[in-house]
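*Asks:* Start counting the sequence shown at 1; every next residue gets the next number (this note's numbering). Below is one structure. I have some questions about it.
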Amino acid sequence: MYSVAPATLLAAFRRGGERLADRHRGRHSWWTVAFGLTVLVSGMMTTGVGVGVVLLGGSVPIPFAAEDTACQATPAADMVPASSGFTLPMEPGSYRVSSGFGPRDGEMHRGIDYAAPEGTAIFAAAAGTVVEAGPAGGFGQWIVVDHQVDGQLVSTVYGHMWPGGVGVSEGEQVQAGQPIAQVGSNGISTGPHLHFEVWEGGRLAGGNAVDPEPMLSAPKPPPEPTQPTVQPALTAPTQAQLLPDGVPGSQRALDLDPRQRAYVDSIVGVGKGMGLPPRAWVISTATALQESTLLNYANAKDSASLGIPHDAVGSDHDSVGLFQQRPSWGSLEERMDPATSARLFYEAMIDVPGWESAPLTEIAQRVQRSAFPAAYAKWEVAAADAVLASHGAPPIGDAAPVDPCAGGPRLV
């Protein structure tokens, strides 16, 4: 473990996004640093300093050895040649094809979508050089690998990973069948999947997207793991991790439909990608339950919000989305995107001193500044059960007495 120099931190801040710098008035959350350096906040927390902010010109301990350069960009070597065929980017039986190459909803879908549980391994389809690995707009996080196929430049593209699910860095050489990432649901995504593309002429060189299916064959056995390895999928959290103070009383229950469960998956996935512990997932899910009953709200007072996919329409000031966030939180598109709105909530939450141990309702109120500060507490068990369900685990049970008279969400 060592301290990253200020110049390296500045580069990390830029990779993490300058918008956060503006929001923190020159300070940068540890998430921003971790995002830019491709390390996990949870690892940084093991330094004993705790999650906080870093001033420009300062330094911060990073959880990998000084001589370990696996997470740093290296100069691209000569292109590794690939055969004329590509292997499947996922293990047969681990996925289902949810959308193929071609026209979709009036637009051109330029790849194949492989639906799979979050954390499912993604493999390089051929030998090549990583030319992009990081944030990419609607992809959330992407990886672009350039290959030489019969003397021609061809790129493969892998999209929608969480930051913690990207296992390679720019300039790295990869082999066919090498694990490079894990399935996520980042960016413009309705559920966990890999979006995979093939570009003749190169993705970054203005080439053309082609149907990958005719080029794909069964994958070869993966080689021995190389550094950095992709983090393994997490097992279901324990009750002690979700409810460290025990099961509270006067709780509300809510049967979630598939749409609401998908939003929980997204909230949990963002938390995992940020390296945050299970307690954080419960806090954010309980907040969304109180604010919107896990529905993505447009606002009748904002006509532009009605043109963005939504589940319901409210009129609470100018609030929108799962967390009923107002314009100070970000753009309309950001606030109505489930994954982005969750990230915005988490970023504000980890800035609250003592968030790891304080009562849920206190932390939620510090972030949301609600007119009903005690209202979040009644959703704590429902949130924990939703998090468990997202891992395929059974609920905590009926230990918490349910108060049928407890107030509902504040939507008007």
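Quick reminder that beta carbons are idealized off the backbone N, C-alpha and C, glycines included.
The alpha helix (DSSP H) spanning F345 covers which residue range?
*Replies:* Segment P338 to M349, the alpha helix (DSSP H) holding F345.
*Asks:* Answer with buried or exposed for P163, where buried requires no fewer than 16 other C-beta atoms within 10 angstroms of its C-beta.
*Replies:* Buried, since its Cβ has 16 or more Cβ neighbours within 10 Å.
*Asks:* Does the distance from the C-beta atom of G140 to that of S189 stay below 8 Å?
*Replies:* The answer is yes: Cβ separation under 8 Å.
*Asks:* Use the C-beta contact count for W96: other C-beta atoms within 10 angstroms, 16 or more gives buried, fewer gives exposed.
*Replies:* The sequence shown places Arg at residue 96, rather than the Trp named in the question. Answer is exposed; the Cβ neighbour count stays below 16.
*Asks:* Give me, in chain order, the residues of the same chain whose beta-carbon lies closer than 6 Å to that of F345; leave out the 5 immediate sequence neighbours on both sides.
*Replies:* Only S284 and F323 meet the Cβ criterion.
*Asks:* Whose C-beta lies closer than 6 Å to the C-beta of S390 among residues of the same chain, with five residues either side of it excluded?
*Replies:* The residues are V264, D265 and V268.
*Asks:* Would you give the residue range spanned by the beta strand (DSSP E) that G314 belongs to?
*Replies:* Where G314 is concerned, the enclosing beta strand (DSSP E) stretches over A312 to G314.
*Asks:* How many Å lie between L204 and M108 at the Cα?
*Replies:* Computed Cα separation, rounded: 18 Å.
*Asks:* Let's test the definition: count the other Cβ atoms within 10 Å of the Cβ of S427 and tell me whether it reaches 16, buried, or not, exposed.
*Replies:* Nothing about residue 427 can be read from this structure; the chain reaches only from 1 to 412.
*Asks:* So, at 6 Å on beta carbons, what are the nonlocal neighbours of L306 in its own chain, with the 5 sequence-adjacent residues on each side left out?
*Replies:* Hits under 6 Å: A298.
*Asks:* Whole angstroms are fine: how far does the CA of K301 sit from the CA of I180?
*Replies:* Distance between the alpha carbons of I180 and K301: 45 Å.
*Asks:* Closer than 7 Å by C-beta to Q290: which residues in its own chain qualify, once you throw out the five before and the five after it? Chain order, please.
*Replies:* Result list for Q290: A375, Y376, W379 and P409, in chain order.
*Asks:* So, A124 versus G167, is the Cβ gap smaller than 8 Å?
*Replies:* No, they are not a contact pair.
*Asks:* Alpha carbon to alpha carbon, how far is D351 from L216?
*Replies:* If I take the Cα positions, the gap works out to 46 Å.
*Asks:* Less than 8 Å between the CB atoms is what I'm expecting for F196 and Y158, so what's the real figure, rounded?
*Replies:* With 8 Å as the limit, F196 and Y158 qualify as a contact, their Cβ atoms being about 6 Å apart.
*Asks:* Pick out whichever of E200, H193, P353 and D146 has its Cα sitting closest to the Cα of A121.
*Replies:* Cα-wise, what sits closest to A121 is H193.
*Asks:* I need the straight-line Cα distance from P237 to P278, nearest angstrom please.
*Replies:* Near 7 Å, if we compare the C-alpha coordinates of P278 and P237.
*Asks:* Taking all protein chains shown into account, do 16 or more other C-beta atoms lie within 10 angstroms of the C-beta of R252, making it buried, or fewer, making it exposed?
*Replies:* Classification of R252: buried, given that the 10 Å Cβ count is 16 or more.
*Asks:* Which class does V157 belong to by DSSP, given the choice of helix, strand or coil?
*Replies:* Residue state, collapsed to three classes: strand.
*Asks:* Got a sec? Which residues, its chain only, sit under 6 Å from G207 by beta carbon, not counting five neighbours each side?
*Replies:* Around G207: W199, E200 and G201.
*Asks:* Alpha carbon to alpha carbon, how far is A339 from G137? Give it in angstroms, no decimals.
*Replies:* G137 and A339: Cα-Cα distance of roughly 12 Å.
*Asks:* Would you report the Cα separation of A314 and L388, rounded to the nearest angstrom?
*Replies:* The displayed chain sequence assigns Gly, not Ala, to residue 314. Their backbone Cα atoms lie some 29 Å apart in a straight line.
*Asks:* What three-state label does DSSP hand F139 in the structure shown?
*Replies:* The answer is helix: DSSP assigns F139 an H, G or I state.
*Asks:* Mapping DSSP to helix, strand and coil, what is V174?
*Replies:* Correct three-state label for V174: strand.
*Asks:* Count the other C-beta atoms from every protein chain shown that fall within 10 angstroms of the C-beta of R343, then say buried if there are 16 or more, exposed otherwise.
*Replies:* Buried, since its Cβ has 16 or more Cβ neighbours within 10 Å.
*Asks:* For the beta strand (DSSP E) containing G102, list its first residue and its last residue.
*Replies:* Note, G102: beta strand (DSSP E), G102 to R104.
*Asks:* What are the boundary residues of the beta strand (DSSP E) that Y297 is part of?
*Replies:* Segment Y297 to N299, the beta strand (DSSP E) holding Y297.
*Asks:* I'd like to know whether the C-beta atoms of G187 and A262 end up nearer to each other than 8 Å.
*Replies:* Their beta carbons are not under 8 Å apart, which means G187 does not touch A262 by this criterion.
*Asks:* In this structure, how does DSSP classify L388 when only helix, strand and coil are distinguished?
*Replies:* Helix.
*Asks:* Taking its Cβ as the centre, do 16 or more other Cβ atoms sit within 10 Å of H147, making it buried, or is it exposed?
*Replies:* The residue is buried, with at least 16 neighbouring Cβ atoms inside 10 Å.
*Asks:* Let me see if you follow: with CB-CB separation under 8 Å, is T293 close to chain C or not?
*Replies:* This model lacks chain C altogether; it includes just one protein chain.
*Asks:* In terms of residues, what are the limits of the alpha helix (DSSP H) holding E200?
*Replies:* Note, E200: premise wrong, no alpha helix (DSSP H); beta strand (DSSP E) at H193 to E200.
*Asks:* By a C-beta neighbour count over all protein chains shown, 10 Å radius and 16 as the cutoff for buried, is Q365 buried or exposed?
*Replies:* That one is buried.
*Asks:* Looking only at DSSP bridge pairs, what is R96 linked to?
*Replies:* In DSSP, R96 forms a bridge with A115.
*Asks:* Please report the Cβ distance between G330 and G273, rounded to the nearest whole angstrom; I am assuming they are in contact, meaning their Cβ atoms lie under 8 Å.
*Replies:* Not a contact, Cβ separation roughly 18 Å.
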